[in-house]
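Report on one structure; see the data block that follows.
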Amino acid sequence: MVRELDPRLLRIAGWQCERLQVVHESFRAPSVVVSPRDSVVVMAVITSDDGSVVAMAQQSADPQQFCVVSPKGFVRMTVACGGHIAEAAGQGCRLQYLNSIEPGGYIPKAVVRTTLPDRAMTVAKTRNVVTM
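In terms of this note's numbering, the sequence shown opens at residue 677 and continues consecutively.
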């Protein structure tokens, strides 16, 4: 985390902002032919007024505004929108996942194809962690 922001800065009718942060994330690519990536995002955790829905959303922030420099050799990616929504449903919950990014550089098609199954199973992996 880079900076904690005042949750009162985010106002959405019918929702309460529980947490608002600027986060710097970085990760190594799944292949040596792809440069490692990083991003600077504003992350919000919000809860519906009735408590039945919790959402975590991220969107890229201006890294210069928060004095964040990419580590040497990293490529900055842009998060257009990303997050999870958990909603009460019967005895359990319904989990939705959205992620729209611009990777900020070339990624070979073979690497993209290799990572597709893992990305497709993100919700299932989250469900398994939550139900443990």
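A virtual CB, placed ideally from N, CA and C, is assigned to each residue, including glycine.
Between A720 and L696, which are expected to be in contact by the criterion C-beta below 8 Å, what is the C-beta distance as a whole number of angstroms?
5 Å
Does I688 pass the burial test, meaning 16 or more other C-beta atoms within 10 Å, or should it be called exposed?
exposed
In whole angstroms, what is the alpha-carbon distance linking A765 and V708?
42 Å
Between V729 and the rest of its own chain, which residues show a CB-CB distance below 6 Å, the 5 nearest in sequence each way excluded?
E763
Report the residue from C769, S776 and R770 whose alpha carbon sits nearest the alpha carbon of S736.
S776
Flag V751 as yes if its beta-carbon sits less than 8 Å from any beta-carbon of chain B, otherwise no.
Among the protein chains of the structure shown there is no chain B, as only one such chain exists.
Is it true that the CB of G781 sits closer than 8 Å to the CB of S702?
no
Here's the rule: buried if 16 or more other CB atoms are within 10 angstroms of the residue's CB, otherwise exposed. What is V745?
exposed
3-residue-minimum beta strand (DSSP E) runs that sit fully inside the region 749-789, ordered along the chain:
754-765 and 768-778
Completely contained alpha helix (DSSP H) runs for the region 702-744, where each covers 4 or more residues
none
Return the residue from the list V788, T754 and T798 that minimises the CA-CA distance to A705.
V788
On the three-state DSSP scale, how would you describe K801?
helix
From G690, Q740, P784 and A786, pick the residue whose C-alpha is nearest to that of A731; which is it?
G690
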